[in-house]
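Under UniProt numbering, the first residue of the sequence shown is numbered 1, with each subsequent residue one higher.
By construction, the Cβ of each residue, glycine as well, lies at the ideal position given by its N, Cα and C atoms.
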Amino acid sequence: MPTSRIFDDDSGLWNAFQQGDIEAFEHIYRTHSSLLLAYGKRLCSDHDLINDVVQDVFLEIWTRRSTLRDLHTIKYYLFRIVRNKLSKIRMNAPLLATDGEDVIADDQLLSPSIEFLITQQETNNDQSARLQKAIVKLPSRQREAITLAFYHDFSNDEIAGIMGINHQSVINHLNRAIICLRDLFTSHPTALILIGLFL
Numbered sequence: 001m002p003t004s005r006i007f008d009d010d011s012g013l014w015n016a017f018q019q020g021d022i023e024a025f026e027h028i029y030r031t032h033s034s035l036l037l038a039y040g041k042r043l044c045s046d047h048d049l050i051n052d053v054v055q056d057v058f059l060e061i062w063t064r065r066s067t068l069r070d071l072h073t074i075k076y077y078l079f080r081i082v083r084n085k086l087s088k089i090r091m092n093a094p095l096l097a098t099d100g101e102d103v104i105a106d107d108q109l110l111s112p113s114i115e116f117l118i119t120q121q122e123t124n125n126d127q128s129a130r131l132q133k134a135i136v137k138l139p140s141r142q143r144e145a146i147t148l149a150f151y152h153d154f155s156n157d158e159i160a161g162i163m164g165i166n167h168q169s170v171i172n173h174l175n176r177a178i179i180c181l182r183d184l185f186t187s188h189p190t191a192l193i194l195i196g197l198f199l
């Protein structure tokens, strides 16, 4: 009876995939497809479009596998492709209208899960709802940066690459978002502690 292979790291997995290993490809798909769908659906309200984009990404990397470059991480590479594809679609259609920051509109972008700020912490429903609403009100680039950092665990350099901005801009967006959230929750000690975890 065949057993699933274990890949030591992203590099080994990617190398096997580039050589046409279907099991490696399936492993990449299983590991990353749901994350890409969740991220894409926070960038665009057209969920059918996001499903198509994610499927296209996996079809594209499979057909071009032998010519693809070495990776920093597979997750980073796939996130960047999805974002680039959505940016190109936005340039050709009003599906992803901008808000003046050359990113997706506020009402369509990133409603981040509260879980990424409340990991292993207990808060009441009212406080959680207040924090969620505060995050949604952040400028779109701040929201995207904070989501990539705390929900998807990307480094500042990786966020810069995904968003197409420089390292310092990422730091600025994160700092401004955290300061804004901290100011909104000065009367809520537990929320302050949670926000302070990321300072």
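DSSP three-state label for residue i, please.
{"i": "Asn166", "result": "coil"}
{"i": "Leu138", "result": "coil"}
{"i": "Asp9", "result": "coil"}
{"i": "His152", "result": "coil"}
{"i": "Leu71", "result": "coil"}
{"i": "Gln19", "result": "coil"}
{"i": "Asp46", "result": "coil"}
Considering just the uninterrupted stretch of the alpha helix (DSSP H) at residue i, what are its terminal residues?
{"i": "Arg64", "result": "Counting along the chain, Arg64 falls outside any alpha helix (DSSP H), and DSSP gives it neither H nor E."}
{"i": "Phe25", "result": "Ile22 to Leu43"}
Report the CB separation of residue i from residue j in whole angstroms; it is logged as a contact under 8 Å.
{"i": "Gln18", "j": "Ser66", "result": "6 Å"}
{"i": "Ile74", "j": "Asp10", "result": "5 Å"}
{"i": "Leu181", "j": "Ala134", "result": "6 Å"}
{"i": "Tyr76", "j": "Ile171", "result": "At roughly 18 Å, the Cβ-Cβ gap does not stay under 8 Å, so Tyr76 and Ile171 are not in contact."}
Taking all protein chains shown into account, do 16 or more other C-beta atoms lie within 10 angstroms of the C-beta of residue i, making it buried, or fewer, making it exposed?
{"i": "Met91", "result": "exposed"}
{"i": "Ser34", "result": "exposed"}
{"i": "His167", "result": "exposed"}
{"i": "Glu158", "result": "buried"}
{"i": "Thr63", "result": "exposed"}
{"i": "Ile6", "result": "exposed"}
{"i": "Gly40", "result": "buried"}
{"i": "Leu36", "result": "buried"}
{"i": "Gly164", "result": "exposed"}
{"i": "Arg83", "result": "buried"}
{"i": "Lys85", "result": "buried"}
{"i": "Arg30", "result": "exposed"}
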